[in-house]
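Novice:
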Amino acid sequence: MQRVWRRLGPALIWDREPGHGAVFDPATGETHFLSELPALIATTLDDTWASHIELVSRYAGTVELDAAAEAQFVAALTSLERAELVESRLSDTDQGGRH
Amino acid sequence: MRSSDAAFFDTLSYFYRDCVRHDGPHFLDFDIRIRRVGGLRRLVRPQALFEIDGLRPFEPQPAENAFPSYEWGLNWCIATSAHRYLMLHAGTVALGGSGMILPGHPGSGKSTLSAALCLRGARLLSDEFGLLRPESVDLLPMPRGIPLKNASIEAIQEFDGAAPLGPTYPKTRKGRVRHLRPDAQSLRQQQVPAVPRWLIFPKYRAGAAESLRPLDETDAFRQLAYNCFNYKLLGETAFRTVGQLVRQMDCYSFTFSRLDRAVEQLMALAAQNPAAAGVPQ
């Protein structure tokens, strides 16, 4: 079992270019001020479920993340979930692809 | 505006006699009535009631506080209905054609600073509402009496002994209040918008040295959105307008204690900008 993530709903609206500055969520009417990593992650998420490994590869290709980097990435995803910008669930598949 | 209270009309006339129109019927935004509460209250501790379009949104106030009740009641009318505009909780003044926005909550010094800037030649747009048209992002004037509260009254009198102040109301719900009359220039130009140029977040701190510190766009955005009455209501429009504002303005936080130095520093800031034509020296 692994946790997978996605974003449903309308596209986020960025004050400047995607991944920078304030961001508006039309689904909730909330404005967020994301730090660099959550902002970058928010630009890679779409409505398909993906693990954090798959999300890293969307942005950076095939890379090996050390434990600290992986924890940081998951923490960023968790913060996006708390802000109701993404949702997560536990998946019963181990590999990438649709869940 | 309707009332049978002669004292109230005397004060209203002191502040706004040049704004009364005698050229026929017009579309009215608000139909306001200040009337005395009836019955025993006519004789014992008389009270005045603020009515808007037949509604009574507030408790009666002591009759002698009719004028501040009217001013605060009118603020309520604007705050609850003018959502065609982005509405900032801010003092706003114009220097030449350029607007200075001073957002802040009660106690920040925005009204006192707005008053002092106007006494040194700035044009009053508003001491309470920064009203902006989202489609053009220009600042709209709404010059009215500036309510000075408690120690701010003495601060303005010390700043300018000839400041045109109305009556003192010693026992309002906000303490002691006295209003600064808007100057003739501000009233004459109340149809002339200003282009927002400076965003200054004032913080009054007794005894503090003046300190004007540039703010980065993210901080400025966050603080300006926080000081916007109808940010959530306007949604994406507010988001885009606030973003545009912080990009086009020079943004600062400003700590001050002495009015004379504060005004000097803000006027000097405005004078650095060659586009701010007509900055009073």
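Protein chains in written order, with my numbering: chain A, 25 to 123; chain B, 8 to 288.
We put the beta carbon where it would ideally sit given N, CA and C, even for glycine.
Every value quoted in this text rests on a predicted model; they were computed, and no experiment measured them.
(1) Assuming Leu56(B) contacts Pro64(B) (C-beta within less than 8 angstroms), just tell me the rounded distance between them.
(2) Between Arg48(B) and chain A, is any beta-carbon pair separated by less than 8 angstroms?
(3) Quick check: the stretch 235–243 of chain B against the stretch 257–275 of chain B, are at least 3 beta-carbon pairs closer than 8 angstroms?
(4) Could you tell me which residues DSSP pairs with Ser105(B) in its beta bridges?
(5) So, Leu194(B) versus Gly137(B), is the Cβ gap smaller than 8 angstroms?
(6) Does any C-beta atom of chain A lie closer than 8 angstroms to the C-beta of Ala232(B)?
(7) Sorted by chain position, which residues of the same chain lie with C-beta nearer than 6 angstroms to Gly43(A)'s C-beta, five sequence neighbours on each side aside?
(8) Under the three-state reduction of DSSP, which class applies to Met149(B): helix, strand or coil?
(9) For the beta strand (DSSP E) containing Asp257(B), name the first residue and the last one.
(10) In the DSSP assignment, the beta strand (DSSP E) including Leu138(B) goes from what residue to what residue?
(11) Mind checking whether Val80(A) and Leu89(A) have CB atoms under 8 angstroms apart?
(12) Within the same chain, show all residues whose beta-carbon is closer than 6 angstroms to that of Ser260(B), passing over the 5 residues directly before and after it, in chain order.
(13) How is the alpha helix (DSSP H) around Leu241(B) delimited, first residue to last?
(14) How far does the beta strand (DSSP E) with Asp226(B) in it extend, from its first residue to its last?
(15) May I have a chain-ordered list of the beta strand (DSSP E) segments no shorter than 3 residues that lie completely inside the stretch 40–71 of chain B?
(16) Under 8 angstroms, Cβ to Cβ, is there at least one residue of chain A near Val286(B)?
(17) Within 8 angstroms (strictly less), CB to CB, does Glu135(B) reach chain A?
(18) In chain B, what lies closer than 7 angstroms to Gly53(A) by C-beta?
(19) For Val28(A), list the residues DSSP reports as bridge partners.
(20) When the Cα atoms are used, what is the spatial distance from Glu71(B) to Leu35(B)?
(21) So which of Arg42(B), Arg52(B), Gly104(B) and Leu109(B) has the shortest CA-CA distance to Tyr77(B)?
(22) Within 10 angstroms of its Cβ, does Leu114(A) collect 16 or more other Cβ (buried), or is it exposed?
(23) What are the boundary residues of the beta strand (DSSP E) that Thr175(B) is part of?
Specialist: Straight from the coordinates:
(1) Wrong, their Cβ atoms sit about 10 angstroms apart, outside the cutoff.
(2) No, Arg48(B) lies away from the interface with chain A (no Cβ there is under 8 angstroms from its Cβ).
(3) no
(4) Leu102(B) and Val202(B)
(5) no
(6) yes
(7) Ala63, Leu64 and Thr67
(8) Residue state, collapsed to three classes: coil.
(9) Unbroken beta strand (DSSP E) run through Asp257(B): Asp257 to Phe263.
(10) Phe136 to Arg140
(11) yes
(12) Phe208, Arg220 and Leu222
(13) Tyr238 to Leu241
(14) Taken as a continuous stretch (DSSP letters only), Asp226(B) belongs to no beta strand (DSSP E), being part of the alpha helix (DSSP H) at Glu224 to Tyr233.
(15) 54–59
(16) For Val286(B), the predicted structure reports a pLDDT of 47, less than 50, and the residue's modelled location is therefore unreliable. The matter cannot be settled from this model.
(17) no
(18) Neighbours of Gly53(A) on chain B, chain order: Lys239 and Gly242.
(19) Arg113(A)
(20) Straight through space, the alpha carbons of Leu35(B) and Glu71(B) are spaced by roughly 27 angstroms.
(21) Arg42(B)
(22) Around the beta carbon of Leu114(A), fewer than 16 other beta carbons lie within 10 angstroms, which makes this residue exposed.
(23) Leu172 to Thr179
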